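Here the structure is laid out as structure tokens; the discussion comes afterwards.
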Amino acid sequence: MGKGDLRTRRGKIYNGSYGKARPHRTKKKQAAAKPAPKAK
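Okay, here's the thing in structure tokens:
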């Protein structure tokens with residue numbers, strides 16, 4: 853197991869592939885910007 857093993861994270865990084873051991877980075881959803889409270 854190591855760089856040549858595509859079932860491991862290190863092997864995926866070495867091969868440049870993705871899968872269960874190395875999922876793609878997920879983009880976090882940005883929270884809806886709340887409008888600033890209006891001063892009276």
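For the sequence shown, the working numbering assigns the number 853 to the initial residue and increments by one for each residue that follows.
C-beta atoms are modelled at their ideal positions from N, C-alpha and C, and glycine is treated no differently.
Being a predicted model, the structure only gives us computed values, none of them experimental.
What whole-angstrom Cβ distance do residue i and residue j have, given they're in contact under 8 Å?
i, j, result
"Arg862", "Gly854", "6 Å"
"Arg877", "Lys864", "Not confirmed; about 13 Å, so no contact."
Using only alpha-carbon positions, find the residue among the options that is nearest to residue i.
i, options, result
"Gly871", "Gln882, Asp857, Lys879 and Ala891", "Asp857"
Could you give the residue range of the alpha helix (DSSP H) that holds residue i?
i, result
"Arg861", "Arg861 to Asn867"
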